[in-house]
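Chains as they are written, first to last, in the numbering used here: chain A, 40 to 382; chain B, 40 to 382.
Using N, Cα and C, we set each Cβ at its ideal position, and we do this for glycine too.
Just so you know, these numbers come straight off a predicted model, no measurement behind them.
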């Protein structure tokens, strides 16, 4: 979870590109420590993926390949408790972590949930939200830790594996090839638009822009409060020969940038599917939609597989180019960046 | 990590027994959610251990038994940045989580580290502390998350397995039997005494009690800042037929209470080994020593195994009785409770 939602109350102090630099430097330090343990051969060892993808892949010892992922949800950075419930926070912390496994085409299996909370927080509501997401994702919470603290922090760690089917590796960010088609698993901008609506309601401002039926408004608010990890979509894409994937946590523009850098390719978008009631800006930069972006050499195969599995059809958005660094939308350079800082 | 270290600056809001009640209620909710996934048979399934031991044991799908544990370190609850460095915080967060695996007789293998930090915190120092513990524990950090926030929170999740040797199950809290001998892996009270000394220095107060040589003072401070997970001791105890174990995070009195309740037994202590410079009170109730308490029907076998492995000899402290709820020290009732709240 990377997108600060705190809006005009002040954004998180570590938002923006610094976070990625800091993570990279920390990752370098951790790998140096690993060298002491694994003095020979490549790091990560063959079959493993460490820092830099949605989830880590571990294949050590006698164990089969397993996946590990973790995400933080921090009050006033990622969530505003005036705009969502304590249950929403628990639900979201679990779901966004599981989404990292969805982006690898994997399934979650067991999770740990650690909670920091001030004394006025209802822990049983927080647990209910976690449990609801646990049920929805088919992932049992088997442990955790609890502490007091000045704001709510929920840290979920998920352990999972590649599901059934032929033995294909996990879907990495680094697998995209020039010529691959790109699609997303659903229209975007819902979470950012829902966040905007909730803030407008909080400040008694009328919702801007077009008139929307109540059902569409509810859908946007739900997209913000109750995102869904696209586990079926990730697994079916992996089994149908996708080459790379990432989940949309930071925003489409930012996340395809991660994928392009990992793969050493460029990206040309010809369409951005926008959910009813959101703006294209929100769809491009809002983040937290948790739809998947998938690259594939064979889009027809994935469309067929989605139809057979009863999933919504994948939405084509563009293609992968052979020019590293190139980021184009309808022929124009795509402005870099992710977060919307000015709700 | 359960022991609030905030002393007279105000203890953490969730310290004390409430934490255990809250965790139990949350665990009940998580198991209810698991029932939807695993509609038949016992929960946890055979071969698994969920909330309530030092680490969770997972044996799902086609995978061998693996262990998962997580711990939180929260600024002003578990650590005071006037008394220890940012590196210490990283080191401690990793080490105390690994200690949960030591208490199961298991080895850590891979870890995830999630960090919340205000902007003035040097993240590379935090990473150095994490990396140092990672090296010392032979456990590679393969992922994590990073966010801004008002105080430092480090949440480490560790994935591990039972190490080499004959196929014995993990050491549980619930395995102690009446007649078993109890021992600890080293003298206690060092972390609490080190914390007391650091606070006396901070407030320019002379260290109370006996005169200590500087090397002993340093040892106490180090015990507080740089605890060591007793991985060899846990594994050798498991392989030498120990029946139960727990690590001393809350304090000897509190932690043997957990072990006794899990096993449905009583405990009679005849000795409390106190490290030079600490008080018996600190040894009983100080916590954060991360030595192991081990129960065994065959103390001679464990002593021999420790000697063969070049480990410090186990220190006998008492035995397991058949009277559930009984907690006795030298024939007198042991006052319940854990944390020292009044430094």
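Judged by their CB atoms, residue 335/B and residue 282/B are nearer to each other than the 7 Å cut-off. Interface residue (Cβ-Cβ distance to chain B less than 7 Å): residue 186/A is classified as such. When 62/A, 305/A, 290/A are compared, the shortest CA-CA separation from residue 329/A is found for 290/A.
Residue state for residue 371/A is assigned as strand, using DSSP reduced to three classes.
Counting along the chain, no alpha helix (DSSP H) covers residue 282/A, and no H or E run does either. Looking at the DSSP output, residue 154/B sits in a beta bridge with 185/B, 193/B.
Per the C-alpha coordinates, the member of 310/B, 108/B, 134/B, 123/B positioned closest to residue 371/B is 310/B. Residue 137/B counts as buried, since at least 16 other C-beta atoms from the protein chains shown sit within 10 angstroms of its C-beta. By the C-beta density criterion, residue 64/A is exposed, having fewer than 16 other C-beta atoms within 10 angstroms.
Take the alpha-carbon of residue 70/A and the one of residue 151/B: they are about 13 Å apart. Note that the C-beta distance between residue 332/A and residue 285/A is below 7 Å. For residue 151/B, the nearest CB of chain A lies under 7 Å from its own CB, placing it at the interface with that chain. Per the Cβ contact rule, the stretch 175–191 of chain B is not in contact with the stretch 207–221 of chain B (fewer than 3 Cβ pairs under 8 Å). Under the Cβ criterion of 7 Å, residue 65/A is counted among the residues facing chain B.
With a cut-off of 8 Å on Cβ pairs, the stretch 258–265 of chain B is not in contact with the stretch 335–353 of chain B, counting fewer than three such pairs.
The stretch 173–180 of chain A makes no contact with the stretch 315–324 of chain A; the number of CB pairs closer than 8 Å stays below 3.
Short of 7 Å from the beta carbon of residue 268/B, and not among the five residues preceding or following it, lie these beta carbons of its own chain, in chain order: 134, 137, 138, 141, 176, 329. Its Cα nearest to that of residue 144/B, the residue 276/B stands out among 276/B, 314/B, 326/B, 107/B. Counting other Cβ atoms within 10 Å of its Cβ, residue 67/A stays below 16 and is therefore classed as exposed. 188/A is the residue among 108/A, 106/A, 188/A whose C-alpha sits nearest the C-alpha of residue 160/A.
If only complete runs of 3 or more residues are kept, the stretch 254–327 of chain A shows the beta strand (DSSP E) at 283–286, 305–308, in order along the chain. Here residue 191/A really is in contact with residue 156/A; their C-beta atoms are around 5 Å apart, less than 8 Å. Look at residue 366/B here: in three-state DSSP terms it is strand.
Nearest Cα to residue 361/A within the set 299/A, 256/A, 240/A: 299/A. Following the DSSP letters along the chain, one finds residue 135/B inside the alpha helix (DSSP H) bounded by residues 125–141. Residues of the stretch 292–310 of chain A with a C-beta atom less than 8 Å from some C-beta of chain B do not occur. Membership of residue 110/A in the beta strand (DSSP E) is indicated by the continuous run 105–113. For residue 229/A, the enclosing alpha helix (DSSP H) stretches over residues 229–241. Residue-level contact check: residue 58/B touches chain A, since one or more beta carbons of chain A fall below 7 Å from its beta carbon. The bridge partners DSSP lists for residue 355/A are 222/A.
By the beta-carbon neighbour count (other beta carbons within 10 angstroms, threshold 16), residue 250/B is exposed.
Put simply, the CB of residue 126/A is far from chain B, with every gap to its CB atoms at 7 Å or more.
Its chain contains 221, 307, 308, 309 as the residues whose beta carbon lies nearer than 6 Å to that of residue 357/B, once the 5 sequence neighbours on both sides are disregarded; these appear in chain order.
Taken atom to atom, the span from the alpha-carbon of residue 163/B to that of residue 61/A is near 8 Å.
With distances taken between CA atoms, residue 297/A lies nearest to 363/A out of 352/A, 200/A, 363/A, 271/A.
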